[in-house]
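In the numbering used here, the protein residues as written are 444 to 592.
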C-alpha cells in the first residue's frame, strides 16, 4: 500500500502514483505603511494541497475503474482521511480535480496507457459535516467489493 484515501488504496492494482507533490501555504495579511514595508500579521494556515501524478498500464496495473472510483468519491463532496503507507496522517482531504490522459490505443479504442493527475485539498479536521455519510461509505464499500465502477 502506497497511500490510503478514505477506503481507496493506492497501489499497483489500483492507481500507483509516480510523484507526490505537496504545497502548503500560510497567510500573512499586509497593512500599508508610509515610507516602510507593509506590516504583516500572521492569520494562520492557508491552503494545503497534495497532487498525485501517475501512469496506469491497465494490462499490468490498475485501470479506468480506479479513476472512476475516485470520481465517485469526488462527486460525494466528502472529506476523507489521507494516510501514507508509512503511517503518516496528512488529515482530511477533498478531491479538487482529476485529470486523465489516454494514449497507446488498441483497435477497439481501449487505452493501454492512462496518465492521471489527482489534486486533493486539505480541509479542517474539525468539520464533521464534511465527513462521508453512512450512505457514502456504503456506496464506496460496494464499489470496492463489486470491483469498481
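For each residue, glycine too, the CB sits at the ideal point set by N, CA and C.
Under 8 angstroms between C-beta atoms of residue 512 and residue 559: no
Pairwise C-alpha distance: residue 457 and residue 464: 19 angstroms
Cα-Cα separation, residue 520 to residue 537: 7 angstroms
Contacting residues, own chain, Cβ-Cβ under 8 angstroms from residue 471 (five flanking each side not counted): 483, 484, 485, 486
Cβ neighbours of residue 500 in the same chain (closer than 7 angstroms, five flanking residues each side left out): 555, 556
Residue 539 beta carbon less than 8 angstroms from that of residue 564: yes
Pair within 8 angstroms by beta-carbon distance, residue 535 and residue 504: no
Residue 476, DSSP secondary structure in three states: strand
Those runs of the beta strand (DSSP E) which lie wholly inside the region 474-545 and span at least 3 residues: 479-499, 523-527
Nearest to residue 468 (by Cα), restricted to the options 529, 459, 449, 493: 493
Identity of the residue in 561, 567, 569 nearest residue 459 by Cα: 561
Residue 444, buried or exposed, once every other Cβ within 10 Å from all chains shown has been counted against 16: exposed
Nearest to residue 525 (by Cα), restricted to the options 476, 506, 475, 568: 568
Spatial distance of residue 481 from residue 495 (CA atoms): 36 angstroms
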